[in-house]
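K.L.:
Take this structure first; my questions come after.
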Amino acid sequence: NAGVTQTPKFQVLKTGQSMTLQCAQDMNHEYMSWYRQDPGMGLRLIHYSVGAGITDQGEVPNGYNVSRSTTEDFPLRLLSAAPSQTSVYFCASRTGKGNTIYFGEGSWLTVV
Amino acid sequence: GENVEQHPSTLSVQEGDSAVIKCTYSDSASNYFPWYKQELGKRPQLIIDIRSNVGEKKDQRIAVTLNKTAKHFSLHITETQPEDSAVYFCAAILHSSYKLIFGSGTRLLVRP
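Sequence order for the protein chains is W and Z. My numbering puts the first sequence at residues 5 to 116. My numbering puts the second sequence at residues 179 to 290.
Below you can see the structure in the form of structure tokens.
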């Protein structure tokens, strides 16, 4: 198993550009989530999904869209990038409510 | 709202001493409480977790205690070593929404 795979690892965007961060897992996990981590800060939940076709907002959803058309993939879309979205983004997946969470390696995004 | 509070934000201890990090949660129905260690530039790594039907769990030098009545849980690291220096995050799964919410993190420094 590859686990949770995130791409790209590094990205620089100009203000106003759009992009998609990709996340894929091959463990057949129902739950997938996106977090952002600002320098020296904790992880804040952006969006999450409890299964294909089901998504919901987390703590900081504004400026981001998600979809879950398959169990494996959970892309995060930045509609119009802003400097405030400069952060490290982590995708995570798990099965059930109380099981181990698997994190991707992170995507470092800079918006200039 | 739903949140997890973590204290202290920074902790400096002498090698060999113990370190204690405390977290409180708001949703009394939360049932899973993991702790993560994050080194600079890396993804969070699970170090120990506890479920709501258990009061204490130990794994070598690391232990976690849970007080459901007071809605708080703590991480205890004994005989600290320089390689324990990192940022530690607590988290809680909010039973009502299946969201995993993180505390703000504790930067632990173990002085040789």
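For glycine and all other residues, C-beta sits at the position ideal for the given N, C-alpha and C. This one's a predicted model, so the numbers in the text were calculated from it and none came from an experiment.
Between the Cα of S37(W) and those of G67(W), A28(W), G20(W), spot the shortest distance and give me the residue it belongs to.
P.N.:
Mapped onto the first sequence, residue 37(W) falls at position 33. Of G67(W), A28(W), G20(W), the residue nearest in Cα terms is A28(W).
K.L.:
Skipping 5 residues on each side, what residues in its chain have a beta carbon closer than 8 Å to that of V191(Z)?
P.N.:
The residue labelled residue 191(Z) in the question sits at position 13 within the second sequence. Hits under 8 Å: A197, T258, L286, L287, V288, R289.
K.L.:
Express the C-alpha separation of Q89(W) and T202(Z) in angstroms, rounding to a whole number.
P.N.:
Sequence index remark: in the second sequence, residue 202(Z) carries index 24 (1-based). Sequence index remark: in the first sequence, residue 89(W) carries index 85 (1-based). Looking at the two C-alpha atoms, the distance is approximately 28 Å.
K.L.:
Would DSSP call Q89(W) helix, strand or coil?
P.N.:
Residue 89(W) sits at position 85 when you count from the first residue of the first sequence. DSSP places Q89(W) in helix when its eight states are reduced to three.
K.L.:
If we cut at 9 Å on Cβ distances, does R48(W) have a partner in chain Z?
P.N.:
Position 44 of the first sequence, counted from the start, is the residue given in the question as residue 48(W). It does; some Cβ of chain Z falls within 9 Å.
K.L.:
Using a Cβ-Cβ cut-off of 9 Å, state whether Q192(Z) counts as contacting chain W.
P.N.:
Along the second sequence, read from residue 1 onward, the residue named residue 192(Z) stands at position 14. So no, Q192(Z) is outside the interface.
K.L.:
Grab me the residues of Y195(Z)'s own chain with a C-beta within less than 7 Å of its C-beta, minus the 5 sequence neighbours each way, in chain order.
P.N.:
Walking along the second sequence from the start, residue 195(Z) turns up at place 17. The identity of residue 195(Z) in the sequence shown is Asp, whereas the question assumes Tyr. So the list reads T258, once near-sequence residues are dropped.
K.L.:
Would you say G67(W) lies against chain Z (beta-carbon separation less than 9 Å)?
P.N.:
Residue numbering aside, residue 67(W) sits at position 63 when the first sequence is read from its first letter. Interface residue (Cβ-Cβ distance to chain Z less than 9 Å): G67(W) is not classified as such.
K.L.:
From the beta carbon of M45(W), is the nearest beta carbon of chain Z less than 9 Å away?
P.N.:
By one-based count along the first sequence, residue 45(W) stands at place 41. Taking Cβ atoms only, chain Z reaches closer than 9 Å to M45(W), which makes this a yes.
K.L.:
Check for me: the beta strand (DSSP E) holding N209(Z) runs from which residue to which?
P.N.:
On the second sequence, residue 209(Z) is found 31 positions in, with the first residue counted as 1. Counting along the chain, N209(Z) falls outside any beta strand (DSSP E), and DSSP gives it neither H nor E.
K.L.:
What distance in whole Å lies between the Cβ atoms of F211(Z) and A264(Z), which are believed to be in contact at a cut-off of 8 Å?
P.N.:
Counted from its first residue, the second sequence places residue 264(Z) at position 86. Counted from its first residue, the second sequence places residue 211(Z) at position 33. Not a contact, Cβ separation roughly 19 Å.
K.L.:
So is Y35(W) in contact with chain Z if we call contact Cβ pairs under 9 Å?
P.N.:
Within the first sequence, numbered from 1, the residue matching residue 35(W) stands at position 31. It does: the Cβ of Y35(W) has a partner Cβ on chain Z nearer than 9 Å.
K.L.:
In the segment 27–92 of chain W, which residue ranges form an unbroken beta strand (DSSP E) of at least 3 residues, counting only runs that do not cross its ends?
P.N.:
35–41, 47–55, 58–61, 68–70, 80–82
K.L.:
Do the CB positions of K246(Z) and S204(Z) come within less than 9 Å of each other?
P.N.:
Residue mapping note: residue 246(Z) aligns to position 68 of the second sequence, counting from 1. Residue mapping note: residue 204(Z) aligns to position 26 of the second sequence, counting from 1. Cβ distance not < 9 Å, so K246(Z) and S204(Z) don't count as in contact.
K.L.:
From F243(Z) to I225(Z), what distance separates their C-alpha atoms?
P.N.:
Within the second sequence, residue 243(Z) is the residue found at index 65, counting from 1. Within the second sequence, residue 225(Z) is the residue found at index 47, counting from 1. For the record, residue 243(Z) in the displayed sequence is Thr; it is not Phe. Their backbone Cα atoms lie some 14 Å apart in a straight line.
K.L.:
Return the CA-CA distance between T19(W) and E193(Z), expressed in angstroms with no decimal places.
P.N.:
On the first sequence, residue 19(W) is found 15 positions in, with the first residue counted as 1. On the second sequence, residue 193(Z) is found 15 positions in, with the first residue counted as 1. Approximately 46 Å, taken between the alpha carbons.
K.L.:
Going along the segment 225–242 of chain Z in order, which residues come within less than 7 Å of chain W, judged by CB to CB distance?
P.N.:
R229
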